[in-house]
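Q: Quick one: the structure is below, questions incoming.
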Amino acid sequence: MEAFDSDAVLGGAIFRGELTLEIAPAKIASVCGFLKYDQQYVRISSVTAVDWYPRQPRFELVYHLHSIERKERLRLKCKLPADAPPIESVTGVWRGANWYEREVFDLFGIEFTGHPDLRRIMMPDDWTGHPLRKDYPVTGPRV
Amino acid sequence: MNETRDVETGLPPEVDADLEAAQPQPGPRRMVLNMGPQHPSTHGVLRLVIELDGETVVRCIPEIGYLHTGIEKEFEVKTYQQAVTLTDRVDYLAPMSNNFGYALAVEKLLELEIPPKAQWMRVMLVELTRLNSHLVWLGTHALDIGAMSVFLYCFREREEILKLFEMFSGQRMMTSYIRIGGLALEPPRGWQQRVKKVIDAFPSRIDEYENLLTNNPIWIGRTRGVGHITLEDMLDLGITGPMLRAAGLKIDARKDAPYSSYEKFDFEVPTRTENDVFARYQIRIEEMRQSTKIVRQAMDGMPEGPWKAADQHVVLPDREKMKTQMEALIYHFKIVTEGFRVPAGEVYQVIESPRGELGYYVVSDGTGIPYRVHMRTPSFGNLQATSKLVEGTLIADVIASIGSMDFVLGDTDR
Chain X
536 MEAFDSDAVL GGAIFRGELT LEIAPAKIAS VCGFLKYDQQ YVRISSVTAV
586 DWYPRQPRFE LVYHLHSIER KERLRLKCKL PADAPPIESV TGVWRGANWY
636 EREVFDLFGI EFTGHPDLRR IMMPDDWTGH PLRKDYPVTG PRV
Chain Z
4 MNETRDVETG LPPEVDADLE AAQPQPGPRR MVLNMGPQHP STHGVLRLVI
54 ELDGETVVRC IPEIGYLHTG IEKEFEVKTY QQAVTLTDRV DYLAPMSNNF
104 GYALAVEKLL ELEIPPKAQW MRVMLVELTR LNSHLVWLGT HALDIGAMSV
154 FLYCFREREE ILKLFEMFSG QRMMTSYIRI GGLALEPPRG WQQRVKKVID
204 AFPSRIDEYE NLLTNNPIWI GRTRGVGHIT LEDMLDLGIT GPMLRAAGLK
254 IDARKDAPYS SYEKFDFEVP TRTENDVFAR YQIRIEEMRQ STKIVRQAMD
304 GMPEGPWKAA DQHVVLPDRE KMKTQMEALI YHFKIVTEGF RVPAGEVYQV
354 IESPRGELGY YVVSDGTGIP YRVHMRTPSF GNLQATSKLV EGTLIADVIA
404 SIGSMDFVLG DTDR
């Protein structure tokens, strides 16, 4: 990983036996390409996000990768401030990331560049707001 | 089909505007067919917008979200133990698998040791859930294709399994029986005989389904060679579970990353190489036989001992102790009113649900309420491949193909 691009990895941690790497948001697609084609991470399990509002940087994008050959799983993270520019989509690496990124876009309002079909997936198309953000109330009227 | 309209006379009004814009200019034979969201063969509220050239599917766009219940949002206001009840409602045909995945994830965060009896019990119940889920799949899939009687046979056995669940947990479907730290209740007296009765009869019941289907020329005609998709496409599009195994890939989280003592059980992971609807049927039939084997092993080798963990900060004290000891009463009060604190951190726990890879990503900020729970549900991943699976095939094969994916819309939309 270091050999591929030492600027891309900002940090890493092992917690409860699970490896997490923090990736620079600008490099995510190239890192994923490297992991898929050179490191046998042929599957993407999921893409999701965590909203740390009001802490900064606000969003964490989380990618779970799976290598069938090595029987290993890997978690990638990108920290994004609320006003960050759209992040590059990984649908070019795994087509399966399509719906997961749509879901993140729908429920968190994080935009992706280069996504073939970035529409809302769970909520109606005319919905306003992004339900999984922490400043979106669980019950009661939307403010 | 609830609505068909020729493209020349205009698209159905409910087709989304951007979807409409993406349509290629249709020739005179092209038509758009809107299947669902209330079409019976879509098993819930899946909507397929299919563009047809004669009887051939040219394009298929699956639309989901009709059953979105905001379960992941709901986790924000429930304590860890309360949230178990939400997990049932995700995949309502495999409630215990979801309880199980969630409980394992939180236990990993807590570093909680689960006693062997609880582990064995969980394995047994989850395998019964797999039987339950596969039975519903087989019954409804056969019904879609036109083999009506199989449905009745499958639901006869499913009823027996639901009665077992009722005996254990008091509930037939939304069991919430597998809790963080062990089980919800002590297994009832005499459960061995009841489970034994069901499991002893089960192999011959599977033979009955096979008698009805495996050599049935109509069944073979409708399923063999139908719904082919390459293994590379499947991995790329995020398909997991029996569909991958029907394409020859031996992948099963129970073997690859054993949890809850699965490594101590003797069972096979069936694979086929034909990679069509018929192979997926054979895989699930064989999985039912293997699950029967696991249930029997769990039942015969059930260890003695406690059925819940010993950690008094997490697990409720026994009723008897709670009423006689002050300390136990305090713990009981704290756990019920505030929940227990979970160390800050994050885990991703994968289990093999009847439909494929079920992953629970749980993020804790150190309080008694989960900060974020993401469910990587197998149906969501599998459904993504619908377009790839049905494009270029005949409209009649669409039903067989999507049936072979075995999705549950509650599991997809959460």
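As they're listed, the protein sequences go chains X and Z. For the first sequence, the positions run 536 to 678 when the working numbering is used. For the second sequence, the positions run 4 to 417 when the working numbering is used. By construction, the Cβ of each residue, glycine as well, lies at the ideal position given by its N, Cα and C atoms. The model shown is predicted, which means the values in this text are computed figures rather than measured ones.
1) Using 8 Å as the threshold, is the stretch 243-262 of chain Z in touch with the stretch 170-179 of chain Z, meaning 3 or more CB pairs across them?
2) Enumerate in chain order the residues of its own chain whose CB-to-CB distance from PRO621(X) is below 7 Å, with the five nearest sequence positions on each side excluded.
3) Kindly give me the distance between the Cβ atoms of ALA619(X) and PRO672(X), rounded to whole angstroms, as I take these residues to be in contact under 8 Å.
4) At which residues does the alpha helix (DSSP H) containing LEU131(Z) begin and terminate?
5) Going by C-alpha distance, which of LYS614(X), GLU607(X), TYR598(X), HIS601(X) is nearest TYR588(X)?
6) With 8 Å as the threshold, decide whether the Cβ of GLU110(Z) is near any Cβ in chain X.
7) How many angstroms separate the CA atom of GLN387(Z) from the CA atom of ASP416(Z)?
8) Please state whether DSSP places ALA106(Z) in a helix, a strand or coil.
9) Exposed or buried, what is THR178(Z) when buried is set at 16 or more other beta-carbons lying within 10 Å of its beta-carbon?
10) Along the chain, where does the alpha helix (DSSP H) containing HIS335(Z) start, and where does it finish?
11) Which partner residues does MET38(Z) have in the DSSP bridge list?
12) GLU75(Z) to TYR69(Z), Cα distance in whole Å?
13) Go through the stretch 182-262 of chain Z residue by residue and report every complete run of the beta strand (DSSP E) that reaches 3 residues or more, in order.
14) Are VAL411(Z) and TYR83(Z) closer than 8 Å when you measure CB to CB?
15) Which one or two residues does DSSP pair with ALA584(X) in a beta bridge?
16) Less than 6 Å between C-beta atoms, sequence neighbours within five positions excluded: which residues of the same chain meet that for PHE550(X)?
17) If you drop the 5 nearest sequence neighbours on each side, which residues of the same chain put their C-beta closer than 6 Å to that of THR90(Z)?
18) For the stretch 309-318 of chain Z and the stretch 215-235 of chain Z, state whether three or more C-beta atom pairs, one from each stretch, are separated by less than 8 Å.
19) Whole angstroms are fine: how far does the CA of SER152(Z) sit from the CA of GLU116(Z)?
20) Against chain Z, does VAL585(X) count as a neighbour if the rule is that its beta carbon must be under 8 Å from one of theirs?
21) Run through the DSSP bridge pairs and tell me what ASP56(Z) is partnered with.
22) Since LYS311(Z) sits in a beta bridge, which residues does DSSP pair it with?
23) Name the chain X residues that come within less than 9 Å of LEU275(Z), Cβ to Cβ?
24) So LYS614(X) is in the beta strand (DSSP E); what residue range does that whole segment cover?
A: Considering the structure as presented:
1) no
2) As a working note, residue 621(X) is residue 86 in the first sequence. Only GLU646, PHE647, THR648 meet the Cβ criterion.
3) Taking the first sequence and counting its residues from 1, the one referred to as residue 619(X) is at position 84. Taking the first sequence and counting its residues from 1, the one referred to as residue 672(X) is at position 137. At roughly 24 Å, the Cβ-Cβ gap does not stay under 8 Å, so ALA619(X) and PRO672(X) are not in contact.
4) Numbered from its first residue, the second sequence carries residue 131(Z) at position 128. From DSSP, the alpha helix (DSSP H) with LEU131(Z) extends over 119-148.
5) Taking the first sequence and counting its residues from 1, the one referred to as residue 588(X) is at position 53. Minimum Cα distance to TYR588(X) is reached at LYS614(X).
6) Locating residue 110(Z) in the second sequence gives position 107, counting from the first residue. Cβ-Cβ to chain X under 8 Å: no for GLU110(Z).
7) The sequence position of residue 387(Z) within the second sequence is 384, counting from 1. The sequence position of residue 416(Z) within the second sequence is 413, counting from 1. Approximately 12 Å between the Cα atoms of the pair.
8) The sequence position of residue 106(Z) within the second sequence is 103, counting from 1. ALA106(Z) falls in the helix class under three-state DSSP.
9) Within the second sequence, the letter at position 175 stands for residue 178(Z). Buried: at least 16 other Cβ atoms inside 10 Å.
10) Numbered from 1 along the second sequence, position 332 holds the residue referred to as residue 335(Z). 329-341 is the extent of the alpha helix (DSSP H) around HIS335(Z).
11) If you number the second sequence from 1, residue 38(Z) lands on position 35. Answer by DSSP bridge pairing, in chain order: LEU51(Z).
12) Walking along the second sequence from the start, residue 75(Z) turns up at place 72. Walking along the second sequence from the start, residue 69(Z) turns up at place 66. For GLU75(Z) and TYR69(Z), the distance between alpha carbons rounds to 16 Å.
13) none
14) Position 408 of the second sequence holds residue 411(Z). Position 80 of the second sequence holds residue 83(Z). No, they are not a contact pair.
15) Along the first sequence, one-based indexing puts residue 584(X) at 49. DSSP lists LEU596(X) as partners of ALA584(X).
16) Taking the first sequence and counting its residues from 1, the one referred to as residue 550(X) is at position 15. Nothing listed; no residue qualifies.
17) Working through the second sequence from its first residue, we reach residue 90(Z) at position 87. Within the same chain, THR90(Z) has close Cβ partners ASN101, ASN102, TYR105.
18) no
19) Looking up residue 116(Z) in the second sequence gives position 113. Looking up residue 152(Z) in the second sequence gives position 149. Cα to Cα, GLU116(Z) sits roughly 46 Å from SER152(Z).
20) Sequence index remark: in the first sequence, residue 585(X) carries index 50 (1-based). Yes, contact with chain Z.
21) Residue 56(Z) sits at position 53 when you count from the first residue of the second sequence. DSSP output for ASP56(Z) lists ARG33(Z), THR59(Z) as bridge partner(s).
22) Along the second sequence, read from residue 1 onward, the residue named residue 311(Z) stands at position 308. Bridge partners of LYS311(Z): GLY185(Z).
23) Looking up residue 275(Z) in the second sequence gives position 272. A small fix is needed here, since residue 275(Z) is Arg in this sequence, not Leu. Within 9 Å Cβ-Cβ: nothing; ARG275(Z) doesn't reach chain X, min ~18 Å.
24) Along the first sequence, one-based indexing puts residue 614(X) at 79. From DSSP, the beta strand (DSSP E) with LYS614(X) extends over 607-615.
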